[in-house]
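Trainee: Take 586 as the starting number for the first sequence in the working numbering and just add one per residue. We put the beta carbon where it would ideally sit given N, CA and C, even for glycine. Since the structure is predicted, the reported quantities are computational estimates derived from the model, not experimental observations.
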Amino acid sequence: MIQLNEQQRMAAEFEGKHLLVLAGAGTGKTGTIIARADYLLRKGVQPNRIAILSFTRKSAREIAERLKLSAPGGINKKEITGRTFHSWCNEIMHLYPDHFPHHGYTPLDEDDRLSAMALALGKNFRDSKKEKVKKEVVTAIYSYAVNTLCSLSEAILHVRYGNLEKEDEQVRQYVEEDRKLIAPVIKKYIDYKKERRYIDYDDMLSVVATQLERDEALRDAVTKRYRHVLVDEMQDTNPLQYKLLKSFVEGSHLFCVGDDAQSIYAFRGADFRTIHSFTEIIPRSEKLKLLRNYRSTQEILDLSNWVLEQSPLRYDKKLEAHRGKGEMPSLIHVEDDWEEADLITDGILDRVAEGGRYADTMVLGRSVWSLSKVEGACLSKKIPYVKYGGTSLMQSAHVRDVASAMRIVANSYDEIAWIRFLQLWDGIGEIKASRIISRVITLATFAEMISCLQQFEGMEVNAAIPATLAAVREYNDRPAQAMEAAVKAMQPMLEKKYREEWTSRASDFEVLREVARSSGSITEFITEYVLDPKAETTFKIGTKETDDAVVLSTIHSAKGLEAEIVHILNLNPASFPSSRTILQGEGAIEEERRCLYVALTRAKNSLNLYRNVRSLHTQYSDANRHEQLYFLNNLPPHLVKILVNGQEKKDFPAPFNPKQGEADFPDFDFG
DNA sequence: AAAATGTTGCTGTAT
DNA sequence: GCAACATTTT
């Protein structure tokens, strides 16, 4: 059994219909979800009747693992799963295939979705101002509209003109003109998906949410199946996910846990204010608060509270440390990213030399590549680490190459896979590939396709192309072998393409084969892998497997985690908030502030912030504005210890602020 | 004309 | 690590 305080126990053993638990950082949110699931299991609820939902794969996995440790004996622990909203929707489609024509479609990951949108856009798409519109922007607009259930105009206004005055006549005109141009493009993208049997991430939620709302029989069946729906990080629910949950209000029990101050997914359409109105919107629901922080020392919470107080928004939150006083957080002045990485990794080595663990330290960055210098320093100093967030194996070129052959076998309409697969072969480029695709993609059966490729009229087609596909097809029900066949057949080209890198890249397929082994078909493997591509990279010391490793993570992926020592990279003006955010208006800036708050509240004992001289200004934007908005402006001196070159100082060295016309780099000896 | 190779610049956070 | 663009080779 799990140790709980009075409030946590009340939540876990709640006997009413629906419950919302409002809980600040470190008050045991995840623990309460686990305790709730544990309580239900002990009461005899079958594990597959409980859906535990989260927004990131990592926290979903974390919950499942912790629950397995505490779960009572006599139950099948394999059936305990924590899942993302997306994988849950995929499961529902899988369980009730008759209600979903999209069942078995090829899921598009973010890169594929952009490729599909590029095809819909055509080259050189320009808006009414004759500016080139990027596929990324149109995709963001469409995604925002789907996730927030809003109109295309509202989405355009939010994504493209978020910082401008909504009521302005000129702005309205821009939006209207954009809408006229973009609407047909989006229609084309939607038609294209249907034609090619594609389903993107947003569709997975949208299809299931809509079908559940419409189809009473289905809703009955699904709510009977999932009696208890437990939602972690409720503040990150967007309107589409909320719509999905509403189908469960009548037949199931909702148990939601959240914290408005930790909402950092507004970019995905989340609105933390929905948790404020939870009890009004959901009938027969109650609210509970968890107040006491068990994680951090008071000094860490004082700084976190202060950051939140600077916001014009009111979060009605002041965390108090159950643990009492500790060490003061440090704000450390560094010259550049390399010094930053060096200081942090040296600190890790010192601690380990004194008998500490690698796993005591967590390094947080705003983006994945902000972690790269620290990663490099870990590699060169032989520090074991796990890196969360960022590109998974599936996004790396060699895996996509091999997967393309498997995808064609799974879904012969998959044009994006065809393009990639064909261009791997000698002498086939964009033009020849599209010629082949246009003929092959209309054929009804796999056999016809193969024979068409074998005797292709008007062009010499390498016989190895149909041979490869036929070989992969042999193992349709054994994805691990299918992958092996694909790698074998494609090896000569892959070796040529990746040259001396090939040996190290080839070892990735061994890892992937293990994953593939648990899937029953190629289609299933592709779907599961897109939904959970195991994005973490682990560095081991020698060949020894170790679970003691430094954690490198984005702030987003670190939500729900904690560590003794936390380092936060690049806490400079121009980074917090970033120049990009400043252009997006106040909402984005406030989200950025919450992001910082999430990062600060991960620390248990030691919190180290780095202020990096080199990134104090960027070439794009107005340094004054950055200075003005910097989240650590007017930081009261009693909250942090300022360190410059290891010495405690009263203040920072003067910010490096070049006058106009002056070189914007520090003195450098060119001799 | 099409493919292959080289270069530059840029990347938010997640599913 | 890759996409978009530029240049060289087939």
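Which complete alpha helix (DSSP H) runs does the region 1059 to 1136 hold, if anything under 4 residues is left out?
Mentor: Whole alpha helix (DSSP H) segments, 4+ residues: 1064 to 1083, 1087 to 1102 and 1107 to 1116.
Trainee: Quick one, which of D696, L652 and A608 has its alpha-carbon nearest S981's?
Mentor: For this step, residue 981 is matched to residue 396 along the first sequence. Answer by Cα proximity: D696.
Trainee: Would you check if there are 3 or more beta carbon pairs closer than 8 Å linking the region 637 to 657 to the region 665 to 672?
Mentor: Yes, the region 637 to 657 touches the region 665 to 672.
Trainee: In terms of DSSP beta bridges, what is L873 paired with?
Mentor: Taking the first sequence and counting its residues from 1, the one referred to as residue 873 is at position 288. DSSP, once it has assigned bridges, lists V606 as partnering L873.
Trainee: Quick check on DSSP: helix, strand or coil for E1149?
Mentor: On the first sequence, residue 1149 is found 564 positions in, with the first residue counted as 1. DSSP places E1149 in strand when its eight states are reduced to three.
Trainee: Counting along the chain, where does the alpha helix (DSSP H) carrying M991 start and finish?
Mentor: For the purposes of this step, residue 991 is identified with residue 406 of the first sequence, where counting begins at 1. Here the alpha helix (DSSP H) through M991 covers A982 to A995.
Trainee: Report the three-state DSSP secondary structure of A806 (helix, strand or coil).
Mentor: Taking the first residue of the first sequence as 1, we reach residue 806 at position 221. Looking at A806 - three-state DSSP - the assignment turns out to be helix.
Trainee: Nearest to L654 by CA position, among K628, A620 and F670, is which residue?
Mentor: For the purposes of this step, residue 654 is identified with residue 69 of the first sequence, where counting begins at 1. It is A620 whose Cα lies nearest to the Cα of L654.
Trainee: What residues are listed by DSSP as bridge partners for V1258?
Mentor: With the chain covering only 586 through 1256, there is no way to say anything about residue 1258.
Trainee: Which parts of the region 825 to 878 are runs of the alpha helix (DSSP H), unbroken and 4 residues or longer, counting only runs that do not cross its ends?
Mentor: Taking only runs of at least 4 residues, the alpha helix (DSSP H) segments lying wholly in the region 825 to 878 are 863 to 866.
Trainee: Are K958 and L1137 touching if we call contact CB-CB under 8 Å?
Mentor: By one-based count along the first sequence, residue 958 stands at place 373. By one-based count along the first sequence, residue 1137 stands at place 552. No, the Cβ-Cβ distance between K958 and L1137 is not below 8 Å.
Trainee: Just to confirm, are G629 and R869 a CB contact at a threshold of 8 Å?
Mentor: Taking the first sequence and counting its residues from 1, the one referred to as residue 629 is at position 44. Taking the first sequence and counting its residues from 1, the one referred to as residue 869 is at position 284. For G629 and R869, no; Cβs fall outside 8 Å.
Trainee: For W1003, count the other beta carbons within 10 Å of its own beta carbon; 16 or more makes it buried, fewer makes it exposed. Which is it?
Mentor: Locating residue 1003 in the first sequence gives position 418, where the first residue counts as 1. Per the 10 Å Cβ criterion, buried.
Trainee: Tell me R1024's beta-bridge partners as DSSP assigns them.
Mentor: Mapped onto the first sequence, residue 1024 falls at position 439. Beta-bridge pairing links R1024 to no other residue.
Trainee: Looking at the strands, I want to know which residues DSSP matches up with V816.
Mentor: In the first sequence, the residue the question calls residue 816 occupies position 231. Note: V816 sits in a beta bridge opposite L638 and C841.
Trainee: Applying the criterion that 16 or more other CB atoms from any shown protein chain within 10 Å of the CB defines a buried residue, is V1096 buried or exposed?
Mentor: Start at 1 with the first residue of the first sequence, and residue 1096 comes out as number 511. Classification of V1096: exposed, given that the 10 Å Cβ count is below 16.
Trainee: Return the residue from the list E1033, L607, Q592 and I1026 that minimises the CA-CA distance to F863.
Mentor: Within the first sequence, residue 863 is the residue found at index 278, counting from 1. It is L607.
Trainee: What's the gap between the Cα of H743 and the Cα of S736?
Mentor: Translated into positions along the first sequence, residue 743 becomes position 158. Translated into positions along the first sequence, residue 736 becomes position 151. Their Cα atoms are separated by approximately 11 Å.
Trainee: Rounded to whole angstroms, what's the CA-CA distance from D712 to K720? Just pull it up for me.
Mentor: Within the first sequence, numbered from 1, the residue matching residue 712 stands at position 127. Within the first sequence, numbered from 1, the residue matching residue 720 stands at position 135. Approximately 12 Å, taken between the alpha carbons.
Trainee: Distance, Cα to Cα, R951 vs D921?
Mentor: Here residue 951 is taken as the residue at index 366 of the first sequence, counted from 1. Here residue 921 is taken as the residue at index 336 of the first sequence, counted from 1. Taking the straight line from one Cα to the other gives about 16 Å.
Trainee: Give, in chain order, every unbroken run of the beta strand (DSSP E) that is at least 3 residues long and sits entirely within the region 691 to 745.
Mentor: Counting whole runs of 3 or more residues, the region 691 to 745 contains the beta strand (DSSP E) stretches 691 to 693.
Trainee: Count the CB pairs spanning the region 1157 to 1172 and the region 875 to 882 that are closer than 8 Å, and state whether there are at least three.
Mentor: Counting Cβ pairs under 8 Å, fewer than three are found: no touch.
Trainee: Identify the continuous alpha helix (DSSP H) that holds I784 and give its terminal residues.
Mentor: Walking along the first sequence from the start, residue 784 turns up at place 199. No alpha helix (DSSP H) holds I784; the beta strand (DSSP E) holding it covers Y783 to D785.
Trainee: Using only the alpha-carbon positions, how far apart do E1149 and E754 sit?
Mentor: For the purposes of this step, residue 1149 is taken as residue 564 along the first sequence, with counting starting at 1. For the purposes of this step, residue 754 is taken as residue 169 along the first sequence, with counting starting at 1. The straight-line gap from Cα to Cα measures roughly 53 Å.
Trainee: Using a Cβ-Cβ cutoff of less than 8 Å, which residues in the same chain neighbour Y564 once the five nearest sequence positions on both sides are dropped?
Mentor: Residue 564 lies beyond the residue range present for the chain, which begins at 586 and ends at 1256; the question has no answer from this structure.
Trainee: Just to confirm, are L825 and A794 a CB contact at a threshold of 8 Å?
Mentor: Along the first sequence, one-based indexing puts residue 825 at 240. Along the first sequence, one-based indexing puts residue 794 at 209. Their beta carbons are under 8 Å apart, which means L825 touches A794 by this criterion.
Trainee: Sort H688, Y1114 and M1068 by Cα distance to V792 and report the nearest one.
Mentor: The residue given as residue 792 occupies position 207 in the first sequence. Closest option to V792, Cα to Cα, is H688.
Trainee: Return the chain-ordered list of same chain residues with a C-beta closer than 7 Å to the C-beta of L893, the five sequence neighbours on each side being excluded.
Mentor: Start at 1 with the first residue of the first sequence, and residue 893 comes out as number 308. Answer for L893: A846, Y900, K902 and Y1182, listed in chain order.
Trainee: Among T1123, P1221, Y759 and L704, which has the Cα closest to the Cα of L978?
Mentor: Taking the first sequence and counting its residues from 1, the one referred to as residue 978 is at position 393. Of the listed residues, the one whose Cα sits closest to L978 is T1123.
Trainee: Check whether the region 992 to 1009 touches the region 778 to 790, taking contact to mean three or more Cβ pairs, one atom from each stretch, closer than 8 Å.
Mentor: Enough Cβ pairs lie closer than 8 Å, so yes.
Trainee: Buried or exposed for S1089, please, with buried defined as at least 16 other CB atoms from any protein chain shown within 10 angstroms of its CB.
Mentor: The residue given as residue 1089 occupies position 504 in the first sequence. Looking at its Cβ environment, which holds fewer than 16 other Cβ atoms inside 10 Å, S1089 is exposed.
Trainee: In this structure, how does DSSP classify L1220 when only helix, strand and coil are distinguished?
Mentor: Numbered from 1 along the first sequence, position 635 holds the residue referred to as residue 1220. Coil.
Trainee: Roughly how many whole angstroms lie between the Cα atoms of F1041 and L1079?
Mentor: To locate residue 1041, count along the first sequence from 1; it is residue 456. To locate residue 1079, count along the first sequence from 1; it is residue 494. So the two alpha carbons sit approximately 24 Å from each other.
Trainee: So the beta strand (DSSP E) A1188 belongs to, where does it begin and stop?
Mentor: For the purposes of this step, residue 1188 is taken as residue 603 along the first sequence, with counting starting at 1. Element bounds for A1188: A1188 to N1197.
Trainee: Considering Cα atoms alone, identify which of E739, Y774 and P769 is closest to V760.
Mentor: Within the first sequence, residue 760 is the residue found at index 175, counting from 1. When only C-alpha atoms are compared, the closest one is E739.
Trainee: For S1138, which residues does DSSP report across the bridge?
Mentor: In the first sequence, the residue the question calls residue 1138 occupies position 553. BP columns for S1138 point to L949 and Y973.
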